[in-house]
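A.B. asks:
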Amino acid sequence: MCNVLQVDNQNQDFVGSSQVGTFVPGGPDVVSVYFTVTDDSVPEIEETYIFELSVIGNSASLAAPSVVMVTIYANDDAYGVFSFIDSSPLKVREDPTFTRIINIGIGRSKGVFGQVTVTYLINSSNPDARPGDDIAPATGSVLFQPMETQNLLQLQIRDDQIPENDEEFSIILTGATQGARVENGVFTVIILANDAPIRFQQAEYRFDEGPGTKTVSINVYRGLALDGSTRIGGIDSPASVNFFFLSNTAVSGQDFQSQNGQDNGRVTFGSGQTVASINVNIIDDSEPEMAESFQVLLSSPTGDVVLLSPSQASIIINANDEPNGVLSFRSPNFISSPVRLVNEDNPQSIIFDIIRTGGSFGIISVDWEILRNDTAVGNVSLDLSPVRGTLTFQTGQRETQLIINVVADTVPEPTEQFLVRLIAETVQGGAKVEGITWGLIVVEDSDNFYGIVEFANQSEQRILTTSFPRILQLTVIRTGGTAGRLSINISATYQQSGLVIPGVLEQTELVVMMYNALSLATVQVQLLTSAFLQVGGRFVATLTGVSLVQDVPTVTYNSPNLGTVIVVIVPVTAADANGEIGFQDTTDLVVDEPDQVLKRVDMVLTREGTSGRAVISWALSGVGPSASQVTSGDVGEMTGTVVMESGMSQTMISLNIMPDNIPELNETILINLTKVEPADTQRLKVGTSQRRVVIRENDDPGGTFQFAATMMTSYVLQEGGQPVELVVERTGGDLLTKSVKYEITPNGDKEFYGATNVIWFFPGTRVRNFTVLAIADGIPELDETFTVNLLPYDSTVNIGTRSSIFLTISQNDDPYGIIQFQLAGLQVFLNESRDGKIETAAIPLERLKGTFGTVYISWTTDPGDGFDLKPSVGTVTFQPDQKTAFINVESVDDQISEPAESFRIKLSAPIGGATVGNRSEAIVTISANDFPVYFKRYNYTVDEPSQVSVAIMRDGPPNQEVRVKFRTVDGSASAGLDFEYVAVGDLLMTATEMEKNISVKVFDDQIAEGNETFYIQLYNLSGDVVLQGPNNCSITILANDYAYGIFQFGAPYSLSVEKGSTATFNINRAVGSFGTVKVSWQIYLVLTNEAENAGVFTVRGPQSVIFGPDEVGKPIFITARANDIPENDKNYYVRLETVQVLEGRTDIPMAKIADTNTQVLLTVLASNDPNGRFGFPALVREQSVAEDFYPGMESTTQAKYTVERRQGIFGAVE
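According to the numbering used here, the sequence shown is numbered sequentially starting from 48.
1. Taking the beta strand (DSSP E) that S1046 belongs to, which residues open and close that run?
2. Exposed or buried, F925, counting other C-beta atoms within 10 Å across all chains shown (16 or more means buried)?
3. For F579, decide whether its Cβ has a neighbour in chain D, counting only Cβ atoms nearer than 8 Å.
4. So for K1125, helix, strand or coil by DSSP?
5. With distances taken from CA atoms, which of N307, L344, E369, A360 is nearest D332?
6. So the candidates are P459, V670, V651; which of them puts its Cα closest to the Cα of M691?
7. Have a look at the DSSP bridge pairing and note the partners of E968.
8. State buried or exposed for E195, treating a residue as buried only when at least 16 other CB atoms are found within 10 Å of its CB.
9. Does the Cβ of G409 lie closer than 7 Å to at least one heavy atom of the ligand NAP?
10. Determine the closest residue to V819 out of L764, Q867, L783, S786, with distance taken between C-alpha atoms.
11. Let me know the secondary structure DSSP gives D400 once reduced to three states.
12. Could you check how far apart the C-beta atoms of I846 and V835 are, in whole angstroms? I think they sit under 8 Å.
13. Where does A674 sit, in a helix, a strand or coil, going by DSSP?
14. Run the CB neighbour count on K732, radius 10 Å, all protein chains shown included, and call it buried at 16 or more, exposed below.
15. Let me know the beta strand (DSSP E) ranges lying completely inside the segment 170 to 200, each 3 residues or longer, listed in chain order.
16. Output the boundary residues of the beta strand (DSSP E) element that contains E446.
17. Taking the straight line between their C-alpha atoms, what separation do you get for V163 and P184?
18. Going by beta carbon distance, what residues of the same chain come within less than 8 Å of T442, once the five residues before and after it are set aside?
19. Going by CA-CA distance only, name the one from Y762, T792, I1165 that's closest to L1272.
20. Beta carbon of D400, beta carbon of Q448: below 8 Å?
21. Which same chain residues end up closer than 7 Å to A1038 when comparing Cβ atoms and leaving out the 5 residues on each side of it in sequence?
22. Expressed to the nearest angstrom, what Euclidean distance is found between the alpha-carbon atoms of T349 and A286?
23. Identify the residues that DSSP records as bridge partners of R1116: which are they?
24. Under three-state DSSP, which class holds V427?
25. Cβ atoms of L575 and L552: under 8 Å apart, would you say?
26. I'd like the span of the alpha helix (DSSP H) that includes E1261, first residue to last.
27. Could you work out which residue in I397, V572, V775, P641 is closest to I742 when comparing CA atoms only?
28. Could you check what DSSP says for A360 in three-state terms: helix, strand or coil?
29. Go ahead and label Q729 buried or exposed: buried means 16 or more other beta carbons lie within 10 angstroms of its beta carbon, across all protein chains shown.
30. Quick one, which of G900, G498, F978, L521 has its alpha-carbon nearest L533's?
31. Just confirm the distance between the C-beta atoms of F1121 and G1057, as a whole number of angstroms; I'd bet it's less than 8 Å.
32. Taking all protein chains shown into account, decide if V677 is buried (16 or more other Cβ within 10 angstroms of its Cβ) or exposed.
33. Taking the runs of the beta strand (DSSP E) that are 3 residues or longer, which of them lie wholly in the segment 57 to 131?
34. Tell me which residues share the same chain as A121 and place their Cβ nearer than 6 Å to its Cβ, disregarding the 5 neighbours each side in the sequence.
35. Go through its chain and collect everything with a Cβ distance to Y1100's Cβ below 8 Å, but skip five positions before and after it.
36. Measure the alpha-carbon distance for Q858 versus G104 and round it to whole angstroms.
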C-alpha cells in the first residue's frame, strides 16, 4: 500500500515536493518519510506549509488527520537589516530664527517583511555637546511598514544662544524589533560652530589725556574667548553690532568725541574677522582734572553671534593737568600691570618703565618695594636685589627705569612670584601715584627643582629568575631637586640577534611613580610564562618621558627633565637562562595519515641555558571524542625519552605516523613532557610542556555512497502502478553524519512522487531506502526514460560508481490520441453549389489526449451515391502534434429544385495507434434551394457621361423581404475618375417587389479612352434566397475623346534620296491608342501638286498603315524607282489623307488627321547624267591626214570630228 505525502513547493523551500511511504504486509505499522528544508539566501518570514497525505489506489482509505502543518521560521534577515544610507558626517547649522529639522535616511536591506521599529540614541564625547538640548530627541524610534525599504529619522537642531564650537554627535541605531538586525549603526552629525560671542576685549580701558587730542581704539572681539586667542563659535559669515557712548564724569564733546561725531555707530565684522575697533578721540584741555570716565555699550547684534559680557566698557581718562605729574607703571595694554618672567639659572636684569603723566615741573621722587606674592616664605633678598629703593624724576623728565637683579644660587627652588609696587605716601615734590601702581615678577623654577630622572647604575638593572613568573627589575634615580610626585614612562623590549621578539614581557609600556622627596624608584615587569630567554638575548629599556603629577595646578617651566642615561640594556646570562625546557612551538600540529610508508613528525624542544645534561621523558595519550581510538598502531611508541647534552639548547621528539586502511575521524594526540632529570638543575618550562598532534580524518570515515549492488540498472514502471524501492548503501567508514541528495531528471518532480530528497546517514547507518512512484498525471506520453542520480548534498560526500539508475515509464493515456467529431450531434448545413460557385463544408475532427505519431482515419457518407454530396469516401491524416483536422465535402450543382437533404458521415477505425471516440457520426444537410436573386442583364454599355440603371430580379415567394448589398468594383475603369464609387450599397426588395434597379453615374473626364469596364457586385444576401448566376454585372464605358488617336508625321520632316534608294518616314499616333485604325497617305509632285503615279516610286505595301491597339508609331517606306531617264532634282510631298476605324466604335469620330505635320518633303536627287554624256560617233573615230600637201590642197592636211551629247540635254555645257 502506497501513501504519498505532498507539499506545495513552488517556493522551493523543501528538497522535493513529495515523498512515498510504503506499507508492506507483515511490515511495521509506522513508516517515516523525511523532508529536508532548503537552505537558501532568500529572506523569508515564517512560512507555514500544509503537507497532505493521500492513498494511491483503492487498497486503503484515508482517515483523519490527513494533513500536517510545518512552519519554517523567519530566516535570512526576513525582517531586514537596517543601516544608515546617507553620507556621514552631516554638517548642519543652528538657525537663530527657527528650529531646524534634519532628515537622516535609514535603509532596509535584505528582507522587507513585517512592521519593524528601529530604535536609536544620541551620544557625544564632548561634554559641551548635549543630546536633548542641542539635538533632539536624544532617543527615539523609526517605524518601518511592511515592504518599506527606506525611512527618515527626523531630528531637531535647536538654537540655544550659547557660543559653541563644532559639536559632534553620534546617532546610534541600538536595535530593531522582530529580531531584525542593525549594522553600521553609527551616524555622525556635526553642528557647526555657532553663536560666536561678541564683546569688548576688556571691561576697562585707561588712557592719558594729551598732549593734544589723540585717537584711541577700543577692541571688540567676535568669536574669541576672553584670552583673545581661543576661538569659539562661527566666524565664517558677516556680523555686526551697534554701539553707543554714555557720558559719566567725562562728557562727550568736552572730554571725548567719537570719530563720526555721533554718540552711536555700528561695528561690522567681515567673514573670518575676529577683531574690530571703535575709535574715539580723547580731547586735551588745560584744566586739571581727576580721573574721569565714560562708557561704551554694545547692543543689537546681527548675524550668527550672541552678546556676552563684557558688553559695556568703562573708559578712564587718567587724572591730568597735574603740574608735577602722575606716576604709574607703563602698561602693555593700558589696563594690566606689567609682568616680568625671569630664569634664575640664566639670570638677567628685570626692568620696569615708570612713567610721569600730566605735568613734568619740578623734581619729584617716590619709594618702591618688593613683596612676596605667593605662599612661599623666606627673605625676598635671597632671590632679588635690591628689594626697595627710590626713583627720582628731574624737571621735564617723563619716565625712568626701575632695575632689579635676580640673585643666582644653586638651591633648587619652585616658581616664585613677587610684587613690585610704588609707595604712594612716599611721593615727594607734589606729584601723585595713580593708575597702574604695581608690577609682577615671576621667577621660574630653578636648579632642577623637580629633578633630573635617569636610569641607575647597570648593576641595579637585573633579571629575577628565582621568582615565578620571572621578573625584569628596572631602577631609576632622580638628581637635583626631589620635590613633587613624578610619573615616569618606560618602554621595554626583549631583543635577540638584533630583532625585537614579541611575547616575552607582559607589558612593554611601563609607568613608575616617584614620590615627593624620593630620589629612587623601582619597577618590576613580569615575563610571560611562555617566554624563552636565550643566552645572548637582552632587554632594552628606554625612558620615554617624565611629568609632574599635580594635585593642585602648579606652573612649571624648567623641570622635571630626563637625564643622559635614558637607555639601559639588561643582558640574559647563562645564569638567567638556567635550563627551562619546553616545546618551542605549542600550537596544534595537524598532519595527514600517510598512504603507505610511515611519516615522521618532528617537534623541537628548546632549553634556556645549556649547562649540564638533561633527560626529558614524554608520553602520548588520546584526547577528545576519539581518545579511545589512539593506539600504538597510529603512532608507534607511546612513551619515550630524549637527551640534551651539555651545551645543547635544542632537541627533537619524533613521532611515526603509521598508515592503515581503517576509516578514522580526527584523532587528537597529547604529547606530554612528564619530567626532566636532573631535577635540581633542569626544569620544565611552565605552559610549554604539552603539545597536541591532530591526525586528520582518513580512509574515508564518512564512507562512499552508491546504489546497492543488488539493484538493477533500470526499471520499467506504469503510471499509477507499483512503486519502486531504491536502496542506497554506504561502504567504507560510517563514522560521520552524511547527507546524500537524489533527484530524478528530467522533470522528475512532475513525473514522480518522491522524485527529489535528501537521505541522511547518521553514524553507523549503512543502508537507506527510498520509494518513488510514477504519477498518474493523465497526460498522454510515449515511453519516457528518466535517470535517478545520487549527488552530494554537502561538499564532503563521496559518490561511488553506481550513482544512477534508469526508470522507464511505459506509454500511457492514449498517446496516439482518440479521434472523433469535435461536437456531439454535429449537424452541418450546406447550400447547393450553383453557377460554378462550389459550396463546401469543413467538418472538424479532434484528436483528444495524445498527439504522437501520424494517424490515418477513413470516413464514408450515407447515402453515398455522390449525386448531391461529394466525395462519398475519404481519409483524414493527423500529423504529429496535430490536434484538429477537417473532412471537406461539397454540394453538387444539379439545377434541380429540391427540399433539404441530409447525409450521414461515419468514421472508421483509425490506423497508427489511435482509437475512435464516442462522437463517430455527423450529419450534413443541403438546404432547400431555387429561390434565386440575379441580374436581369449582366452586361451594359454606356456613353460618357451618363446614368446607368441595373435591374435586379428575384424569383420565389413574393411575400418575403429580400435585402441585397452591392458595391462597385474597378475593372479597367476607375472609381471616382470614370464612375461614381459605391463602397456599400443597400438594395431592399420589399414584399411583392420582384425587380428593382441600381443606379450609378458615369463621369465625363475629357480623357481619350478606349472601352472601359467596371462592375456592380452583389453580396450579403439576406432572406431565403441565393444568388443565381454571376454575382456581378459589367458596365462598359464606350471609347471616347478621340480614343483611337490623332495622326501626324514625326521627324524627320524632309529627306533626300537617289533613285534606287528608300526613304523612311514615321507616322505618330497621339492622344488615344485604342482600337484598330487604318491611315492612308499619298505622294504629290510639288511642282504640279498632282498625285504621282506608281511609276515613279515603289512603295512597300499599300499606301496606308494600320495601327493596332496601343500602337503609337508606324514607319512608311518609299523607294525612288531606278530608270535610265536623265532628270534634275525633283520634290514631292508625302501627305496623310484619311483615317478609317477598322475595329472599334464608328458611330462617333474616334480618330482623325492632325492639324499640323500632315505632310513631309521628299527630294529625288538628279540622276542619269541630266546634263549629258559626250563622245565621238563610232564612224568617225579614225581618219587619215596628210602630213605634206600640195599647194592648193591644204585641206588634205585637216581632219573634222563630230562630238555627240548623249543622255540628258539639260543646261549649257562647254
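Glycine included, each C-beta is placed from N, C-alpha and C at the ideal position. Every value quoted in this text rests on a predicted model; they were computed, and no experiment measured them.
C.D. replies: Working from what's here:
1. Its beta strand (DSSP E) spans residues 1042 to 1049.
2. Under a 10 Å Cβ-count criterion, F925 is classified as buried, with 16 or more other Cβ atoms of the shown protein chains found around its own Cβ.
3. No chain D is present in this structure, which holds just one protein chain.
4. Looking at K1125 - three-state DSSP - the assignment turns out to be strand.
5. Ranking the options by Cα distance to D332, first place goes to E369.
6. Closest option to M691, Cα to Cα, is V651.
7. Residue pairing by DSSP places E968 opposite K953 in a beta bridge.
8. Classification of E195: exposed, given that the 10 Å Cβ count is below 16.
9. Among the ligands in the structure shown, none appear at all, so the ligand NAP cannot be discussed.
10. Shortest Cα-Cα distance from V819 to any of L764, Q867, L783, S786 involves L764.
11. It is a strand residue.
12. The beta-carbon separation of I846 and V835, rounded to 13 Å, does not stay under the 8 Å limit for a contact.
13. Assignment of A674 by DSSP, reduced to helix, strand and coil, places it in the helix class.
14. Note on K732: 16 or more other CB atoms within 10 angstroms of its CB, so buried under the neighbour-count rule.
15. Within the segment 170 to 200, the complete beta strand (DSSP E) runs of at least 3 residues are 186 to 191.
16. Run containing E446: 446 to 453, per the beta strand (DSSP E) assignment.
17. Looking at the two C-alpha atoms, the distance is approximately 20 Å.
18. Sequence-distant Cβ neighbours of T442 in its own chain, meaning closer than 8 Å and more than five residues away, are S407, F408, G409, I410.
19. Missing from the structure shown is residue 1272; the chain here goes from 48 to 1261 and no further.
20. Yes, these two residues count as a Cβ contact at 8 Å.
21. Closer than 7 Å at the Cβ level, and outside the excluded window around A1038, lie P1005, N1006, Q1007, E1008.
22. Using only the alpha carbons, I get a separation of about 6 Å.
23. DSSP, once it has assigned bridges, lists F1094 as partnering R1116.
24. In the structure shown, V427 sits in a helix (DSSP, three-state: H, G or I).
25. Cβ distance < 8 Å, so L552 and L575 count as in contact.
26. Premise fails: E1261 is in no alpha helix (DSSP H) and is neither H nor E.
27. That would be P641, whose Cα lies nearest to the Cα of I742.
28. In the structure shown, A360 adopts extended strand secondary structure according to DSSP, grouped into three states.
29. Classification of Q729: buried, given that the 10 Å Cβ count is 16 or more.
30. Considering only alpha carbons, the answer is G498.
31. 3 Å between Cβ atoms; contact.
32. Its Cβ being crowded by 16 or more others within 10 Å, V677 is buried.
33. Taken in chain order, the unbroken stretches of beta strand (DSSP E) that lie wholly in the segment 57 to 131 and span 3 residues or more are 65 to 69, 94 to 103, 114 to 119, 128 to 131.
34. Contacts found: I92, E93.
35. Answer for Y1100: N1204, V1207, L1208, listed in chain order.
36. Inter-residue distance for Q858 and G104 is about 20 Å (C-alpha atoms, whole angstroms).
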